[in-house]
Structures are given as C-alpha cells and as structure tokens.
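In the numbering used here, the protein residues as written are 3 to 140.
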C-alpha cells in the first residue's frame, strides 16, 4: 500500500451480525471508486432476482486493473471481517471477475466485457442507487 493508513470499512450489521447489503454495496462502490474504477454503479436487483440484493459493477482499464480492483475489494472488505462466499475469474488476463458476498455480487470488467455482457442494460428496469463519491470530499 502507499504510505497511507488503511481504514477499516465501517459496514453496518443486521441484528444477527451479518453485513447489511446496502451498507456493504456502498462501501464496495467507494473502494472501487478510490482505485480508479471507471463507471462504478450499484443496482438494487432484489426485486428482479432471488440471487442477491445488489450488483456492484465497475470497469477496469486493463486485465491487470481488473485483478487489482478485485484484490483491493477482497482486502479492504476483509479488514472488516467479511469474506466472500466465492470469487470467479481469477486467472491471468481475465476480462471479468465476480466476487460473491451473498447479498452483494461484485462484477469487475474490462471495457469490452462490460459492453458485451451489458448487465447494466439487462437490469435497466432495476433501481440504480446513487452514491456520492468520497474522492471529491478529500
């Protein structure tokens, strides 16, 4: 890491100690945004699928950036004691990685993969959650 102090994410927990999906999705958005992901977005899909509550989508500038973003999300969320149920796409040169936290699924693509799979369009009728970037606050 740069010579910065790594802040443990503040993720709200429900009554039984599980991360609240909206809080987790928002924190992941901020992690991706801080690491120069392009077009990060959060889509509430709970009314469209039983699979998860939220998708967090982001575009990376290269396949190396895809992996770096995935590593950063897992590391930072892990500092809060939250581990993913699974992660897919962890090979060299992958254009799309998925991190599954159960109630939040993170999709990190390179530009071509995001345009090809077009999850944004597939869930265009789902609620897009507006999150203000913390970068402008610094």
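Every residue gets a Cβ at the ideal spot worked out from N, C-alpha and C, and that includes glycine.
Quantities reported herein were computed from a predicted structural model and do not represent experimental measurements.
Burial state of residue i, where buried means 16 or more other Cβ atoms lie within 10 Å
| i | result |
| --- | --- |
| residue 112 | buried |
| residue 18 | exposed |
| residue 120 | exposed |
| residue 57 | buried |
| residue 7 | exposed |
| residue 31 | buried |
| residue 117 | exposed |
| residue 29 | buried |
Residue closest to residue i, alpha-carbon to alpha-carbon, out of the options
| i | options | result |
| --- | --- | --- |
| residue 27 | 115, 116, 129, 107 | 107 |
| residue 10 | 22, 33, 23, 20 | 33 |
| residue 101 | 39, 59, 8, 7 | 59 |
| residue 137 | 65, 92, 36 | 36 |
| residue 98 | 80, 110, 122, 105 | 110 |
| residue 90 | 82, 105, 69 | 69 |
| residue 114 | 132, 81, 80, 64 | 64 |
| residue 53 | 71, 104, 24, 82 | 104 |
| residue 55 | 118, 22, 80 | 22 |
| residue 25 | 49, 79, 67 | 79 |
| residue 72 | 51, 83, 39, 50 | 39 |
| residue 66 | 85, 51, 76, 93 | 93 |
Rounded distance between the beta-carbons of residue j and residue i, thought under 8 Å
| i | j | result |
| --- | --- | --- |
| residue 87 | residue 61 | The Cβ separation is near 23 Å, so there is no contact. |
Other residues of its chain near residue i: CB distance less than 7 Å, five sequence neighbours each side excluded
| i | result |
| --- | --- |
| residue 74 | 33, 37 |
| residue 20 | none |
| residue 15 | 21, 22 |
| residue 135 | 35 |
Same chain only: Cβ atoms within 6 Å of residue i, ignoring 5 sequence neighbours per side
| i | result |
| --- | --- |
| residue 83 | none |
Taking contact to mean 3 or more Cβ pairs, one atom from each stretch, closer than 8 Å, check whether the stretch 38-52 and the stretch 120-139 are in contact. yes
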